[in-house]
Amino acid sequence: MHDLGCGTGSMGRWLAPLLDGAQHWVLHDRDPYLLHFAAVGTPRAAADGSRVTVETRRGDLARLTPDALTGAGLVTASALLDVLTAREVGALAAACAAAGCPALLTLSVAGRVELTPEHPLDTEITLAFNDHQRRSGLLGPDAVSTAAEAFAAHGATVRTRSAPWRLGPDEAALAGQWLRGWVAAAVEQRPELREPAARYVEERLAACVAGELRVVVHHTDLLALCRPKGAAS
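Residue numbers (the working numbering): 862 to 1094.
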């Protein structure tokens, strides 16, 4: 299992205990600090008690090659596609296809957020955030469609599923943290929103503390089933 952009290792913590059989996780990230915590936190037993082992690789995912995936049974990533460029996604698809391994790429932003109750600034903040996600050539909300086309071009079977975050009163702390980051990115993209956005955050956080705010943050998961190496076209 190659986990790309592993961060603190949430993918391995979730997936490893769900799968039977011995597993070897290869954790990829540019940050040695995150790699350390990801390795320490990865479960050491599979669903059937089989051994789970871990290694880390520090490097730039933009330079990922098929050779780096030799022997891979699965490539995974979480919240990664939307911070890549079309060229980087194309290289990822090509590497997975050449290695003949499937790819499970989860939690890519879909560009849609639903907040209840509604607020007049919801749409403007959403549009500004989406523009921020697309800055400097990053794919942002276009990531899944671009990746689906890239994998399909290599003959992979591609499946996508909606994976929304639903944040209600029981997740008030997380909703507040998400809200601050979401609005901050929108303001960074459109500085003229700074003053109305400050009032917006204040009102939304008050609703959050009161248990009145509900948020649905839409994401999409993608599974690409590449042809195994040596399989007939």
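Using N, Cα and C, we set each Cβ at its ideal position, and we do this for glycine too. All values reported here derive from a predicted model rather than from experimental measurement.
Check	Outcome
When burial is assigned at 16 or more other CB atoms within 10 Å of the CB, is E1053 buried or exposed?	exposed
Looking at the structure shown, is D892 part of a helix, part of a strand, or coil, going by DSSP?	coil
What are the start and end residues of each continuous beta strand (DSSP E) run of 3 or more residues lying completely inside the region 1003 to 1065, in chain order?	1018 to 1023 and 1026 to 1028
Grab the span of the alpha helix (DSSP H) containing E949 for me, first residue to last.	A947 to A960
Since I believe L1000 is in contact with V950 (beta carbons under 8 Å), could you give me their beta-carbon distance rounded to a whole number of angstroms?	7 Å
Could you tell me the alpha carbon to alpha carbon distance between H889 and A952, rounded to whole angstroms?	16 Å
From the DSSP output, read off the bridge partner residues of L1000.	Bridge partners of L1000: none, in fact.
Which one of A964, L1083 and A1036 has the shortest CA to CA distance from T977?	A1036
Consult DSSP for H980 and reduce its assignment to one of helix, strand or coil.	coil
State the Cα-Cα distance for the pair P904 and D943, rounded to the nearest angstrom.	27 Å
Just the C-alpha distance for A985 and A955, rounded to the nearest angstrom, thanks.	In the sequence as presented, Ala is not what sits at residue 985; that position holds Glu. Distance between the alpha carbons of E985 and A955: 37 Å.
Alpha carbon to alpha carbon, how far is P1089 from G1016? Give it in angstroms, no decimals.	11 Å
Which value, in whole angstroms, describes the spacing of the CA atoms of W937 and L966?	Sequence inspection shows Thr at residue 937; the Trp mentioned does not correspond to that position. Cα to Cα, the separation comes out at about 6 Å.
For a test of the three-state rule: what should DSSP assign to D881, helix, strand or coil?	coil
Going by DSSP in three states, R874 sits in which element: helix, strand or coil?	helix
What is the DSSP secondary structure of T926, reduced to helix, strand or coil?	coil
Return the chain-ordered list of same chain residues with a C-beta closer than 7 Å to the C-beta of E1056, the five sequence neighbours on each side being excluded.	none
Could you check whether T917 and L896 sit closer than 7 Å to each other, using their CB atoms as the reference points?	yes
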